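Residue numbers (the UniProt record's numbering): 1 to 263.
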């Protein structure tokens, strides 16, 4: 029997879970959606712009997976409820959630507006709360669930990112509380905190501080013990494990994926 036939047979005998990944049109979210699809899950690709999800969805379906694109502002409760209901209707009850959606509005404290503060906390922290609240209802019913929240090494503090750092530190406390509350339903909750990952977001940071992205990458790589910056697939691999059945005894943890230890 060929390896492809074996893979097909294995997939047939494995329960297909439904995963929801927010901010999945590009970067870490897209890589995570693709990886979870490769793991055998159906994937709902969520982003603010539904049309922008087409590339991720096409990559999954072309490879033989199941995926849909859903447009949603994760900071809006009514949109979140509608999006999760649509996922359940079109793919099935979601039992995997990756809260990845995020924005940056970097500035030094004395220059930071209230709108910039609210926008970042709204997408990262309120968004993770609203999505988790909506999806956990399905997880509790199914008596199975995996929640992975994207934090950041910036949770430890980073100049010009008071809003982002506060949101990402909040994500860690939120994750630990979810683990305590939802564990009895066989639902785990963990956070992944990336270090420097080569994405559009880090490119925007380079632009903010006035250096080329290439120089920014080269300089950052010198500070990282493994000698390179991270790629979205590095984060997706860690998320993949935390979303697996084998990770059922790992909960309430914050895993820094940064190419070396962080204080």
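Note that beta-carbon positions come from the ideal geometry of N, C-alpha and C, so glycine has one too. What you are looking at is a predicted structure, and each value in this text was computed from that prediction instead of being measured.
- Boundaries of the beta strand (DSSP E) around residue 194: 187-194.
- Shown here, residue 74 sits in coil according to DSSP, grouped into three states, outside any helix or strand.
- The C-alpha of residue 51 is placed about 25 Å away from the C-alpha of residue 197.
- Of the candidates 147, 192, 208, 205, 147 places its Cα closest to the Cα of residue 182.
- Taking 8 Å as the cut-off, the beta carbon of residue 154 is found closer than this to the beta carbon of residue 164.
- For residue 166, the closest C-alpha among the options 68, 124, 80, 70 is that of 124.
- For residue 108, the CB contacts under 7 Å within the same chain, skipping 5 residues up- and downstream, are 160 in chain order.
- When DSSP states are grouped into helix, strand and coil, residue 254 belongs to the strand group.
- In this structure the stretch 17-27 touches the stretch 81-98; the number of beta carbon pairs closer than 8 Å is three or more.
- Only buried fits residue 47, as 16 or more other CB atoms lie within 10 angstroms of its CB.
- Buried is the label assigned to residue 19, since at least 16 other Cβ atoms lie within 10 Å of its Cβ.
- Pairwise C-beta distances place the stretch 247-263 in contact with the stretch 173-193, as three or more of them are shorter than 8 Å.
- For residue 28, the enclosing alpha helix (DSSP H) stretches over residues 27-38.
- Remark: C-beta atoms of residue 214 and residue 31 do not approach each other more closely than 8 Å.
- If you look at residue 170, you'll find it in the alpha helix (DSSP H) that goes 162-182.
- Your pair residue 93 and residue 141 checks out as a contact, with CB atoms roughly 7 Å apart and the cut at 8 Å.
- The beta carbon of residue 204 is closer than 7 Å to those of 104 in its chain, skipping five residues each way along the sequence.
- Looking at the backbone, the Cα of residue 189 and that of residue 134 are separated by about 15 Å.
- With contacts defined by Cβ atoms closer than 8 Å, residue 224 and residue 150 do not form a contacting pair.
- Excluding sequence positions up to five before and after residue 228, its CB lies within less than 6 Å of the CB of 221, all in the same chain and listed in chain order.
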